[in-house]
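Residue numbers (the working numbering), protein chains in the order written: chain S, 6 to 252; chain C, 6 to 252.
Below is one structure; the comments refer to it alone.
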């Protein structure tokens, strides 16, 4: 005898969710939140795909991994799909984040509204610079980096955001990992080495610019004249609004 | 009679480059630049794929769109591949960028080394706040937003980076588009509407955090217990280092 929940568990374990799908779920979520704010109750796969900048076949396949198939002629129920994606991504619980490095970028991240609205609670800010330690930023007092391990333990930090200069990043990373943190978001312009079982994602703010440069060049006719984009990755009429979709 | 260049042009036009490949080229470029800095002259597709966080079959297919196939038993020549990708992305020429909105994020972007090293030259900073206008930031003087059209014309700005509050972003976007800019990088937490022929890419700094949350949840056993990732998207032994790859 198996319960429905056990069945679902088994199904999911057999099926897994492709990394590329996981990376697109936040983009769907952002589009759905926008619809929700405008009071939209249901959405077709075509509309949602256009808003997220993918084609609708890919969208339907991605959502099928969550067991969400929509209703023919009606589409997807926005509120329920927001719940399903949030649940799958783990956003129905709170995640405690510490930001290490309080330069301009650290300050921008500390005040970034997009974190709190997705369940990421910034518990603390840390810096090595005595002229920054003690400052009030976005309602938090910057603590000295010496307090890193203590802060992680005290607040149950599960994600460390590293926004230090490149030279300091690996040392900070080693310390947060030693303190038990297994997820690191790296804004420092360097590659971090971590042991198995620790996830690092690196943000490179110039990547989107490089993709824009490709399109600019194509519009201008270079390097080998305008080449058509391969159809199928963007629905017609949405090329002017390309959402960043990670895969 | 056709010249080899015409042939290449025709081939590329027939073939196109998939959007997903375009989005991964900057990630390969970053990995290759890292190899170059360490003095590595050739790299196997497996090594490069691992450094970029994709599987090697996908890497080889992506690079084949550039006409780059590597040499069996030797791999790819790092320097030449850097050139090929840079050329394809349009990074062998300079792009002039203006940053509009000089809060913490705008300041962070103004001083971001990753732009200049990829051929993005920040020509100017603009803000509507009189207490910010006139400040020196990263060697530039912040100009009043009234000077926007003038600055675009004067410097030949081709990419506008919008780092204003959400409420101001669409108005700024309309103005840069009216002034002839056809590429917009949007950091404001809002969706921008643009006419056909204008590319907008939106950066959401919380997307990477959401992907980390998914993995944290999986490590913790929820929502339905740890599910295996589908094999094939990440080479073995690289799961601990997941590069953001846009698709």
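Beta carbons: idealized from backbone N, C-alpha and C, even for Gly.
When you compare the CB of residue i with every CB in chain C, is at least one pair closer than 8 Å?
i, result
"residue 86/S", "no"
"residue 61/S", "no"
"residue 136/S", "no"
"residue 96/S", "yes"
"residue 208/S", "yes"
"residue 77/S", "no"
Starting from residue i, trace the alpha helix (DSSP H) both ways and give me its first and last residue.
i, result
"residue 61/S", "61–69"
"residue 176/S", "171–183"
"residue 155/C", "153–160"
"residue 124/C", "First-last for residue 124/C: undefined, no H or E at that position."
"residue 166/C", "Element bounds for residue 166/C: not the alpha helix (DSSP H) but the beta strand (DSSP E), 164–167."
"residue 50/S", "50–57"
Helix, strand or coil, according to DSSP, for residue i in the structure here?
i, result
"residue 205/S", "strand"
"residue 29/C", "helix"
"residue 214/S", "helix"
"residue 23/S", "coil"
"residue 198/C", "coil"
"residue 45/C", "coil"
"residue 38/S", "helix"
"residue 111/S", "helix"
"residue 231/C", "At residue 231/C the pLDDT is 46, less than 50, meaning the model places this residue with poor confidence; the figure from the coordinates comes in the next sentence. The answer is coil: DSSP assigns residue 231/C none of H, G, I, E or B."
Using CA atoms only, rank isn't needed, just tell me which of the options is closest to residue i.
i, options, result
"residue 188/S", "213/S, 173/S, 161/S and 224/S", "161/S"
"residue 80/S", "26/S, 117/S and 37/S", "37/S"
"residue 119/C", "220/S, 215/S and 225/S", "215/S"
"residue 23/C", "45/C, 221/C, 93/C and 196/C", "93/C"
"residue 221/C", "186/S, 194/S, 141/S and 195/S", "186/S"
"residue 179/C", "190/C, 168/C, 169/C and 198/C", "198/C"
"residue 112/C", "129/C, 125/C, 123/C and 101/C", "129/C"
"residue 144/S", "170/S, 114/S and 42/S", "114/S"
"residue 156/S", "142/S, 35/S, 127/S and 171/S", "127/S"
"residue 60/S", "30/C, 25/C, 78/C and 84/C", "25/C"
"residue 224/S", "218/C, 41/C and 201/C", "201/C"
"residue 146/S", "158/S, 116/S, 205/S and 172/S", "116/S"
"residue 152/C", "226/C, 177/C and 141/C", "177/C"
When the cut-off is 8 Å and only beta carbons count, does residue i lie next to chain S?
i, result
"residue 67/C", "no"
"residue 117/C", "yes"
"residue 126/C", "no"
"residue 132/C", "no"
"residue 234/C", "A caution first: residue 234/C carries a pLDDT of 44, below 50, which makes its placement in the model unreliable, though a value can still be read off. It does; some Cβ of chain S falls within 8 Å."
Report the neighbours of residue i on chain B: residues whose CB is nearer than 7 Å to its CB, in chain order.
i, result
"residue 196/S", "No chain B is present in this structure, whose protein chains are S and C."
What residue does the beta strand (DSSP E) around residue i start on, and which one ends it?
i, result
"residue 103/C", "100–105"
"residue 79/S", "Residue 79/S -> no beta strand (DSSP E), and no H or E assigned at all."
Review point. Using a Cβ cut-off of 7 Å, which residues of the stretch 211–225 of chain S contact any Cβ in chain C, in chain order?
Key: 211, 212, 213, 214, 215, 216, 217, 218, 219, 220, 221, 222 and 224
Contact residues within the stretch 178–190 of chain S, judged by C-beta distance below 7 Å to chain C: 187, 188 and 190
Problem set entry | Interface residues of the stretch 24–46 of chain C facing chain S [CB-CB below 9 Å] | 24, 25, 26, 27, 28, 29, 30, 31, 32, 34, 35, 36 and 39
| Going along the stretch 147–166 of chain S in order, which residues come within less than 7 Å of chain C, judged by CB to CB distance? | 163 and 164
- Residues within the stretch 100–115 of chain C neighbouring chain S, beta-carbon criterion of under 9 Å: 100, 102, 108, 109, 110, 111, 112, 113, 114 and 115
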